[in-house]
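Chains as they are written, first to last, in my numbering: chain A, 8 to 276; chain B, 15 to 247; chain C, 13 to 664.
Positions of the beta carbon are idealized from the N, C-alpha and C atoms, including for glycine.
Since this is a predicted model, take the numbers as computed values, not measurements.
Each remark here refers to the structure printed beneath this line.
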Amino acid sequence: MEHKHSEKKMNVRLKIWRQEGPKTPGKFEEFSLSDILTDMSFLEMLDVLNEKLIHEGKRPVEYESDCREGICGTCSLMISGQAHGPNRGATTCQLYMRSFDNNELITIEPWRAKSFPVIRDLVTDRSSFDRIISAGGYVSVKTGPHADANAILVAKDLSDRAMDAAACIGCGACVAACPNASASLFTSAKITQFALLPQGHPERSRRAIRMVDQMDKEGFGSCSNLQECEAACPKKISIQNITIMKQEYLKAAIAADFRAGMGSADGGA
Amino acid sequence: MVPFKRLFSSSLGRKYLMGASGLALVLFILVHLLGNLTFYSHNGDATNAYSAKLHSLGLLLVVAEWGLFAVIILHIYMAFQVTYRSKVARPIGYDSLKSKGGPTKSNVTTRNMIYTGIVLLVFLIIHLKQFRFGPDLEDGYTATVNGVMVDDVYRVGVETFQNVGWVAFYVFSMFFLGFHFRHGFWSMFQSLGALNPRWSKPIHAMGLIIAILMAVGFLGIPIYLHVTQGGVQ
Amino acid sequence: MSDETIKTTTGGLNSGVPGGPLAQKWDNYKANMKLVNPANKRKYSVIVVGTGLAGGAAAASLAELGYNVKAFCVQDSARRAHSIAAQGGINAAKSYPNDGDSVWRLFYDTIKGGDYRAREGNVYRLAQNSTAIIDQCVAQGIPFAREYSGELANRSFGGAQVSRTFYARGQTGQQLLLGAYSALMKEVDKGKVELYTYHEMLDVVMVDGKCRGIITRDLKTGKIERHAADVVILGTGGYGRIYFLSTNAMNSNTTAIWRAHKKGALFGNPCYVQIHPTCIPVSGSHQAKLTLMSESLRNDGRVWVPKKKEDCTKDPKSIAEADRDYFLERKYPSFGNLVPRDVASRNAKEMCDEGRGVGETGRAVYLDFKDVIKRDGKAAVEERYGNLFDMYHEITNENPYEVPMRIYPAVHYTMGGLWVDYSLMTTLPGLFCSGEANFSDHGANRLGASALMQGLSDGYFVLPYTVTNYLGTHSQELLKKVETSHPEFEKAEKEVRAGIDGLLERGKAGKRTPTEIYRDLGLVMWEYVGMARTEAGLKTAIQKIKELQNDFDTNLKLTGDDQFNKNLESAGRLGDFLELGALMAQDALARTESCGGHFRVESQTPEGEAKRDDEHFAYVAAWEYKGKNNSAVLHKEQLIFENVKPSVRSYK
Numbered sequence: 008m009e010h011k012h013s014e015k016k017m018n019v020r021l022k023i024w025r026q027e028g029p030k031t032p033g034k035f036e037e038f039s040l041s042d043i044l045t046d047m048s049f050l051e052m053l054d055v056l057n058e059k060l061i062h063e064g065k066r067p068v069e070y071e072s073d074c075r076e077g078i079c080g081t082c083s084l085m086i087s088g089q090a091h092g093p094n095r096g097a098t099t100c101q102l103y104m105r106s107f108d109n110n111e112l113i114t115i116e117p118w119r120a121k122s123f124p125v126i127r128d129l130v131t132d133r134s135s136f137d138r139i140i141s142a143g144g145y146v147s148v149k150t151g152p153h154a155d156a157n158a159i160l161v162a163k164d165l166s167d168r169a170m171d172a173a174a175c176i177g178c179g180a181c182v183a184a185c186p187n188a189s190a191s192l193f194t195s196a197k198i199t200q201f202a203l204l205p206q207g208h209p210e211r212s213r214r215a216i217r218m219v220d221q222m223d224k225e226g227f228g229s230c231s232n233l234q235e236c237e238a239a240c241p242k243k244i245s246i247q248n249i250t251i252m253k254q255e256y257l258k259a260a261i262a263a264d265f266r267a268g269m270g271s272a273d274g275g276a
Numbered sequence: 015m016v017p018f019k020r021l022f023s024s025s026l027g028r029k030y031l032m033g034a035s036g037l038a039l040v041l042f043i044l045v046h047l048l049g050n051l052t053f054y055s056h057n058g059d060a061t062n063a064y065s066a067k068l069h070s071l072g073l074l075l076v077v078a079e080w081g082l083f084a085v086i087i088l089h090i091y092m093a094f095q096v097t098y099r100s101k102v103a104r105p106i107g108y109d110s111l112k113s114k115g116g117p118t119k120s121n122v123t124t125r126n127m128i129y130t131g132i133v134l135l136v137f138l139i140i141h142l143k144q145f146r147f148g149p150d151l152e153d154g155y156t157a158t159v160n161g162v163m164v165d166d167v168y169r170v171g172v173e174t175f176q177n178v179g180w181v182a183f184y185v186f187s188m189f190f191l192g193f194h195f196r197h198g199f200w201s202m203f204q205s206l207g208a209l210n211p212r213w214s215k216p217i218h219a220m221g222l223i224i225a226i227l228m229a230v231g232f233l234g235i236p237i238y239l240h241v242t243q244g245g246v247q
Numbered sequence: 013m014s015d016e017t018i019k020t021t022t023g024g025l026n027s028g029v030p031g032g033p034l035a036q037k038w039d040n041y042k043a044n045m046k047l048v049n050p051a052n053k054r055k056y057s058v059i060v061v062g063t064g065l066a067g068g069a070a071a072a073s074l075a076e077l078g079y080n081v082k083a084f085c086v087q088d089s090a091r092r093a094h095s096i097a098a099q100g101g102i103n104a105a106k107s108y109p110n111d112g113d114s115v116w117r118l119f120y121d122t123i124k125g126g127d128y129r130a131r132e133g134n135v136y137r138l139a140q141n142s143t144a145i146i147d148q149c150v151a152q153g154i155p156f157a158r159e160y161s162g163e164l165a166n167r168s169f170g171g172a173q174v175s176r177t178f179y180a181r182g183q184t185g186q187q188l189l190l191g192a193y194s195a196l197m198k199e200v201d202k203g204k205v206e207l208y209t210y211h212e213m214l215d216v217v218m219v220d221g222k223c224r225g226i227i228t229r230d231l232k233t234g235k236i237e238r239h240a241a242d243v244v245i246l247g248t249g250g251y252g253r254i255y256f257l258s259t260n261a262m263n264s265n266t267t268a269i270w271r272a273h274k275k276g277a278l279f280g281n282p283c284y285v286q287i288h289p290t291c292i293p294v295s296g297s298h299q300a301k302l303t304l305m306s307e308s309l310r311n312d313g314r315v316w317v318p319k320k321k322e323d324c325t326k327d328p329k330s331i332a333e334a335d336r337d338y339f340l341e342r343k344y345p346s347f348g349n350l351v352p353r354d355v356a357s358r359n360a361k362e363m364c365d366e367g368r369g370v371g372e373t374g375r376a377v378y379l380d381f382k383d384v385i386k387r388d389g390k391a392a393v394e395e396r397y398g399n400l401f402d403m404y405h406e407i408t409n410e411n412p413y414e415v416p417m418r419i420y421p422a423v424h425y426t427m428g429g430l431w432v433d434y435s436l437m438t439t440l441p442g443l444f445c446s447g448e449a450n451f452s453d454h455g456a457n458r459l460g461a462s463a464l465m466q467g468l469s470d471g472y473f474v475l476p477y478t479v480t481n482y483l484g485t486h487s488q489e490l491l492k493k494v495e496t497s498h499p500e501f502e503k504a505e506k507e508v509r510a511g512i513d514g515l516l517e518r519g520k521a522g523k524r525t526p527t528e529i530y531r532d533l534g535l536v537m538w539e540y541v542g543m544a545r546t547e548a549g550l551k552t553a554i555q556k557i558k559e560l561q562n563d564f565d566t567n568l569k570l571t572g573d574d575q576f577n578k579n580l581e582s583a584g585r586l587g588d589f590l591e592l593g594a595l596m597a598q599d600a601l602a603r604t605e606s607c608g609g610h611f612r613v614e615s616q617t618p619e620g621e622a623k624r625d626d627e628h629f630a631y632v633a634a635w636e637y638k639g640k641n642n643s644a645v646l647h648k649e650q651l652i653f654e655n656v657k658p659s660v661r662s663y664k
């Protein structure tokens, strides 16, 4: 954790992306604020700006946040070129003004990707992630009685690794930070969670193929193994998940071909 | 249904092919370097003997060359595909994009594999023109190895590297080979899904070592020939 | 048996709890309910508003049964519902640790924890369903914590003496929500669920006495839409954000249930609010949100304040052991730091009122991990609470491995909500309400790790039965479809449109932003309708809320248009919060006893504990809306205890 600023108050200069709607072109607009408390969160600083704008009769800067404790994955700002700002393992809402210098110029942009179109200002539409999950990010059990929970034993280390992958909050920082706008980390985290757990095994081939195909269909870029997604991920999700996704997909793609030959219907194959 | 269609049509498939073709190229370049170490001997006999041995393979050599050509074409095609799709995936770029450090492997060279690759492609064309399709027996470049008349590849090398310009071009290109290799070596394992956390770091480190050995091994040849054979006419 | 016949009268309102012994009530219900055959299920449509545990689980389960489901949420994705923020765990009477747990004991702990203000039948069903929830979640691939044996791990939680809490690190809510979300997305893929994200429900539509649809606003485009169905379920969460500062998410609101209330649904126990003891204290007036530190921290952390006032400003590490007052351990030797939330919160407040609070504002107590670090080592503590410690460090700039945490209570959960009967149906036929949005299972105080249990019980294991029973009972009428061109839809849409336009119109002229009025409302609620309530204070609150309502009606400042506009959303929700605030104060004023989270200063024991008045107040207060300028009317559902005897709740 970095704490650059020790005084209580600071001035900030902001360069913020403004865009009326999905189809209108956007541009940067500059603002400055004085007497911002260093203990304020970054989003509270934006709240101060918005209150000021409303009083001036101007349209406030639209951005999103919800839980403000780093778990819901709603907040999503590119802050001076870094997804969720300078601190590792933290979301935008967990960023405090003490991480910035007095009078520092802070550039705020939306996540930029074709698959995350801008709705307004800093708000983007991330429904492409929902569609990737919808393609197979689940175990297809129905609600109802199941075997006793302890009838399924899972080795602690596998369960822990599955949890590491399941910690993904779906914020999209991986896509935003990737020079190629690839969604590999997001997609792989879900594939890996279920590849590691016995519950996920019956439909692992179908899942890998359908989720990767959906990811491609949404228009995300390719993974170039730069690991910048892991660096930007607020939950520090490892690219090891991408390795596992590649194994799962390769196995599934080959298996699908063989099964197709045997007349077996493999979803998506 | 096209067999293994997904290998060509999906983003992951393209990366498997990038990785696999990269692996083939790495193996080729390693063998090529081992052969080229003969240039470091005091005269051309070892080099020409090695060259003659290769030519004696006949049909096998033809197959290997065409195979290599196909692998290179595949590697290039996939590279352009991957790059193109990534550009399309972000139509509006950032005002600034800064790495967050930590585990990242993002830097100027890793982000620009396509450009280091293009330099290598240009190099490859020139290099093939100079050596593979350069002067041979018919042009009078002959040498005798064990009493048999063969191509004098060694002389081609010596003559080429009398020119400081060519020496500089080769040295420059080999730096790019090093950069390309540095990321490519580890990356090909990752693309093929062949890494686990325990191997990841050692392989990344190995990539650096091999990249340096390879670049230095190759770029030493023009310099060595220029320095030791520069005066011989 | 129709849903009319399974109701038994319990006072003024019909709770519909089936007859028979406690343990067989739910089985009796299921054995006698009406069914809908598979071919007919395809003819019914169900609207589910909210995609958290209670809404998402219901939407997925009903779609699996074959109903056509439309699911709505205000967030950009169904996965963002605030259930995601629950940290500590979910209770279930699995009794895996072999420590004496049972369905009965979970039932008993919950009834007692709720200070005998919940319905026996509902709570017993909740305890029964708890075990099936764990089986369901494990089958979905939720990575619960496990032992080396490969079996599930358990931990203890406040208000219980057994270890029955299942958890997934400090992210249990997230994992359970993602389970429900995945199930929902699976049905979206199959075409059985139509998902509407960025949609806010602004009214319910009643046709011929039955709820047949809703009016929504598309938050991206501003478009007002009509949606018709045969059943509407509200799983829209609690209203804790009425306090402005709370641990609830920024988008959490009361609008859906409040609009339904205004259409005629009774509102149960609005004054029951849970104040969570372990939150990071308020640091300044700029703050938008408070952060909860999981209650599980009280398993190992010890709560204390200095014995002497003059020590309060000193470095806590310099205060000798003898000069520390571990007040929870001192006052409640058998439960110690694990007393229920309301007790822990009230005691922290008391210490601060005595002048022994710590930190810059003097409104905080210490939560100290020194002893556990010494006993189990830093690594063990890091494994258990690492993410919570990091979060604390990030926010406060203090390292809790070195310095004790400072904590203070904050609003966290609302036990009150729309009144529902045993089938989770509100007083509006066809309108159901599940999870935190209803008033049902927690009485006057909720035990830790019970919210997730209730949300999932309602969504996975109650609504699929009770909704089916409703549809089966009223099939004749419901198979006649209502079109969205019906005059009732027309009328409702017009009103909603007028409301939005009105906000934007008067927003041009006023002076005060929604946030400014909202902050003031929060302060009034916290001061007068917070942890300690008095008659005079509650009357003051009603007066002050009236003034704020006037401000809102005549002096609101808004900019922007009706397309994506967070402040417009906030203004609309604030309007509903203002009306609800007045009702909360009215309810708190009427309930002159203390119970659970509702502490009336006038009603306490000599030791300062909450004093219940079972003779006069063993009822659910269900309020009927009578128009903006009229006082709400109180209906009572008498609570009948046949199986447990209400006693003085003691954790000593």
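Contacts of residue i in chain A (Cβ-Cβ under 7 Å)
i	result
Tyr30/B	Leu257
Val200/C	Ser141
Per DSSP, cross-strand counterpart(s) of residue i
i	result
Ala83/C	Val60/C and Leu207/C
Gly143/A	Per DSSP, none; premise fails for Gly143/A.
Val645/C	Glu636/C
Cys607/C	His610/C
Ile43/A	Met17/A
Met704/C	Only positions 13 to 664 of chain C appear in this structure, which leaves residue 704/C out of reach.
Gln650/C	Tyr631/C
Within-8 Å CB hit, residue i to chain A
i	result
Phe576/C	yes
Pro105/B	yes
Gly514/C	no
Gln148/C	yes
Residue i - DSSP class collapsed to helix/strand/coil
i	result
Met218/C	strand
Phe227/A	coil
Arg212/B	helix
Ile90/B	helix
Amino acids of chain C, ordered along the chain, whose beta-carbon sits closer than 8 Å to that of residue i
i	result
Val146/A	Ala151, Gln152, Gly153 and Ser194
Residues that residue i contacts on chain B, provided the C-beta gap is smaller than 7 Å
i	result
Ala238/A	Ser113, Lys114, Gly115, Gly116, Pro117 and Thr118
CB contact below 8 Å: residue i versus chain B
i	result
Met85/A	yes
Val19/A	no
Contacts that residue i makes with chain A (C-beta to C-beta distance below 9 Å)
i	result
Pro352/C	Those do not exist, as Pro352/C stays about 23 Å from chain A at its closest Cβ, beyond 9 Å.
Contact set between residue i and chain A, taken where Cβ atoms lie within less than 8 Å
i	result
Ser295/C	Asp46
Contact test: residue i Cβ vs the ligand NAD heavy atom, cutoff 7 Å
i	result
Tyr540/C	Summarising the ligand content, the structure contains no ligands, and the ligand NAD is consequently not present.
contact_flag[the stretch 178-194 of chain A, the stretch 132-143 of chain C] where n(CB pairs < 8 Å) is 3 or more: no
Check whether the stretch 69-80 of chain C and the stretch 189-200 of chain C touch, using three or more Cβ-Cβ pairs below 8 Å as the test. yes
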